[in-house]
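Remarks on the structure that follows.
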Amino acid sequence: MALNMRTAPSNVVAQQQNGARTPVRVPVTAKPVVTLRIAPFKGSSVASQRATYQVRVAAATEVKAEKELGQARPIFPFTAIVGQDEMKLALILNVIDPKIGGVMIMGDRGTGKSTTIRALADLLPEMKVVANDPFNSDPEDPELMSEEIRNRVKGGDQLPVSSKKIPMVDLPLGATEDRVCGTIDIEKALTEGVKAFEPGLLAKANRGILYVDEVNLLDDHLVDVLLDSAASGWNTVEREGISISHPARFILVGSGNPEEGELRPQLLDRFGMHAQIGTVKDPRLRVQIVSQRATFDENPAVFRKDYEAGQNALTSRIVEARKVLKQCDVSYDYRVKISQICSDLNVDGIRGDIVTNRAAKALAAFEGRTEVTPEDIYRVIPLCLRHRLRKDPLAEIDDGDRVREVFKKVFGME
Numbered sequence: 001m002a003l004n005m006r007t008a009p010s011n012v013v014a015q016q017q018n019g020a021r022t023p024v025r026v027p028v029t030a031k032p033v034v035t036l037r038i039a040p041f042k043g044s045s046v047a048s049q050r051a052t053y054q055v056r057v058a059a060a061t062e063v064k065a066e067k068e069l070g071q072a073r074p075i076f077p078f079t080a081i082v083g084q085d086e087m088k089l090a091l092i093l094n095v096i097d098p099k100i101g102g103v104m105i106m107g108d109r110g111t112g113k114s115t116t117i118r119a120l121a122d123l124l125p126e127m128k129v130v131a132n133d134p135f136n137s138d139p140e141d142p143e144l145m146s147e148e149i150r151n152r153v154k155g156g157d158q159l160p161v162s163s164k165k166i167p168m169v170d171l172p173l174g175a176t177e178d179r180v181c182g183t184i185d186i187e188k189a190l191t192e193g194v195k196a197f198e199p200g201l202l203a204k205a206n207r208g209i210l211y212v213d214e215v216n217l218l219d220d221h222l223v224d225v226l227l228d229s230a231a232s233g234w235n236t237v238e239r240e241g242i243s244i245s246h247p248a249r250f251i252l253v254g255s256g257n258p259e260e261g262e263l264r265p266q267l268l269d270r271f272g273m274h275a276q277i278g279t280v281k282d283p284r285l286r287v288q289i290v291s292q293r294a295t296f297d298e299n300p301a302v303f304r305k306d307y308e309a310g311q312n313a314l315t316s317r318i319v320e321a322r323k324v325l326k327q328c329d330v331s332y333d334y335r336v337k338i339s340q341i342c343s344d345l346n347v348d349g350i351r352g353d354i355v356t357n358r359a360a361k362a363l364a365a366f367e368g369r370t371e372v373t374p375e376d377i378y379r380v381i382p383l384c385l386r387h388r389l390r391k392d393p394l395a396e397i398d399d400g401d402r403v404r405e406v407f408k409k410v411f412g413m414e
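Terminal number for the sequence shown in full-length UniProt numbering: 414, no gaps in between.
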C-alpha cells in the first residue's frame, strides 16, 4: 500500500475507475488529499491494478489551519500562577535535575495542579536530538541513544542533529500497557526476520516529562511499569521471545485528589518528591486568581504577552542552573546530617538520602551557587521525605512538620 499526499487544485477531482476518468465534485476549498494505492491481487486486470481511492483528511486540515491562525489551545503562563510555591519549586528542581525522580502532587479539587504542570511546558528549554529518531536520542550521550543510533555511531555514520523543545506527554487514564510501552509486530518479525517496533508513550517521553493526572486511579500494574522505567531509564518490551529495549529517561509527574485515595506506600516511595497543595484561603489572593483567569480566558494572546519577559527569564535561569549543577557539591558534614535525619525518622532504604542530596544541589544551582547551605536542605527535605514516613496505608501523609522538627534538632537550630 503506497501513501501519496497532494492538494486538490480545484473543485473537481478525477477519480480513475476501470480505465475511465469520472469527474467528482467536491467543496471548492483546496484541502490535502491522501491517495491510497491498493496493491492488486494476482490475476487482476491492468485497469483494476490502477484503481485508486481518494480520502479527504478534514481533521488534519483543521488542526493545520488552527496552528496557522494561532488558535491552538493556549497555556496559562507558569509565572502568572499565584501561590502554590511548594509545587512550583518541586517541578522546577526536577527539570533542573531529572534524576531526582519526579514528583507526586496531591491537593484539593480546583487548586491548579493540572494547570501548573501543563504551564511547565512553556518553560522547558530546547534539547539536541538525532533528527527523525522516535526516541529523542541524544547525539552525544550513548546512554540516551536508541540501539539503532548507537549502531550507526559505531559504524562511523554522521548523525543529523536537530533541536526540539523538551517534550511533555500526557498519559490518558484509560491507556493500555501496549499504548504506554509500545508493541512488537510479531507477524513481521516471524515472516521477515526484522524487529518491527511501534514506539509507545514512554519512547515519546524520553528526555522529557510524562504527566499522569489522577495517578492514584491508575491501575497499579501500569504505575509499576512507569516507575520502573523512570528509575532505570530504560523500557523493555518482550513478546513471544522477541525483546526490544530503548531509553526512557523521563521526569514522572503525577497528580491526584486525596479524597479519591492514596497510592500504596511502596509506590509513593518511588516518587522522588511529594508536594501537597491546598485551597487558597486569603480572600484577596482568591480575587486575584479569579481576575487573572477571567483576563486570560478573554484574550489569551495578550495575557501571555504580558508575562513573556518573565517566562523567558525563568527559562534562562533553568538553563543556566542545569549547567551549574555539575559543579554543585554537598559537604560531607551536611551529607552525614541528611542521613542522620533519615535514620531518626526511620525512613526505609536510602532513596530518601539520595533524593535529598540531589534536590539540595538543584536548588543551590537554581539560586546561582555551587555550595549547598543548610537553608537549601531545609527547603527541600520535607518534599523529599514526608511521603516516606507512612507505614500504614490508611494513615495520612505527614505535612512536613515532623521532618522540620528533626532537621532543627540535627542541625542545632532549636
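Heads up, the beta-carbon is just placed ideally off N, CA and C, and yes, glycines get one too.
On a predicted model such as this, the values are computed, not experimentally measured, just so you know.
Do you know offhand how far residue i's Cα is from residue j's?
i	j	result
Asp85	Glu262	22 Å
Lys165	Ala362	21 Å
Asp401	Met87	17 Å
Pro77	Pro167	17 Å
Leu210	Arg404	30 Å
residue 416	Asp213	A question about residue 416 goes unanswered here, because the residues of the chain that appear run from 1 up to 414.
Leu227	Asn216	13 Å
Val63	Thr115	In this prediction, Val63 has a pLDDT of 35, which is less than 50 and means its spatial position is unreliable; what the coordinates show is noted afterwards. So the alpha carbons of these two residues sit roughly 22 Å apart.
Ala47	Leu173	In this prediction, Ala47 scores a pLDDT of 36, lower than 50, which makes its location untrustworthy; the coordinate-derived value is nonetheless stated afterwards. Their Cα atoms are separated by approximately 48 Å.
Val129	Val95	17 Å
Phe407	Arg152	51 Å
Val237	Phe250	17 Å
Ile186	Ser243	11 Å
Val225	Pro283	42 Å
For residue i, which of the options has the nearest alpha-carbon?
i	options	result
Asp97	Asn346, Cys328 and Gly400	Cys328
Leu201	Ser114, Glu214, Asp170 and Ala231	Asp170
Leu252	Asn206, Pro139, Gln288 and Gln276	Asn206
Leu144	Gly110, Glu187 and Asn235	Asn235
Val103	Thr356, Thr373 and Val403	Thr356
Ala203	Thr191, Leu93, Arg73 and Asp178	Asp178
Ala131	Ile75, Ala90, Glu140 and Leu124	Glu140
Ile75	Leu227, Val290 and Lys305	Lys305
Glu260	Glu198, Pro134, Glu187 and Met106	Met106
Cys342	Pro283, Leu385 and Asp282	Leu385
Ala196	Arg239, Val380, Pro265 and Ile381	Arg239
Met413	Pro374, Leu389, Ile381 and Gly368	Pro374
residue 418	Leu124, Val180, Ile397 and Glu147	For the chain, the structure presents residues 1 to 414; residue 418 sits outside this window and is missing.
Under 8 Å by Cβ, that's how I've got residue i and residue j pegged, so tell me the actual separation to the nearest angstrom.
i	j	result
Ser137	Ile149	4 Å
Leu222	His387	Between His387 and Leu222 the Cβ distance is about 20 Å, and since that is not below 8 Å, they are no contact.
Val330	Ala294	Contact flag wrong, Cβ pair sits at about 45 Å.
Gly278	Thr111	7 Å
Ile377	Tyr334	7 Å
Val410	Lys323	Rounded, the Cβ-Cβ distance is 32 Å, inconsistent with contact.
residue 438	Asp108	Examination of residue 438 is not possible in this model, given that the chain is present from 1 through 414 alone.
Thr255	Lys99	As written in the sequence, residue 255 is Ser, which differs from the Thr given in the question. 21 Å between Cβ atoms; not a contact.
Leu285	Val161	Between Val161 and Leu285 the Cβ distance is about 46 Å, and since that is not below 8 Å, they are no contact.
residue 415	Glu198	Nothing can be reported for residue 415, as the shown portion of the chain is limited to 1 through 414.
Ala275	Leu383	6 Å
Which partner residues of residue i appear in the DSSP bridge assignment?
i	result
Ser238	The residue you asked about is not Ser; residue 238 is Glu in the sequence shown. Ser243.
Gln276	Met106
Thr183	Glu198
Asp170	Tyr211
Thr148	Contrary to the premise, residue 148 reads as Glu rather than Thr in this sequence. The partner list for Glu148 (beta bridge, DSSP) is empty, contrary to what the question assumes.
Leu252	Leu210
Lys164	Met127
Asp329	Glu371
For chain B, is any of its Cβ atoms less than 8 Å away from the one on residue i?
i	result
Gly349	The displayed structure is made up of one protein chain only, and chain B is not part of it.
Between the region 112 to 123 and the region 294 to 302, do at least 3 Cβ pairs fall closer than 8 Å? Flag = no, the region 112 to 123 and the region 294 to 302 do not touch.
For the region 310 to 322 and the region 344 to 353, state whether three or more C-beta atom pairs, one from each stretch, are separated by less than 8 Å. no
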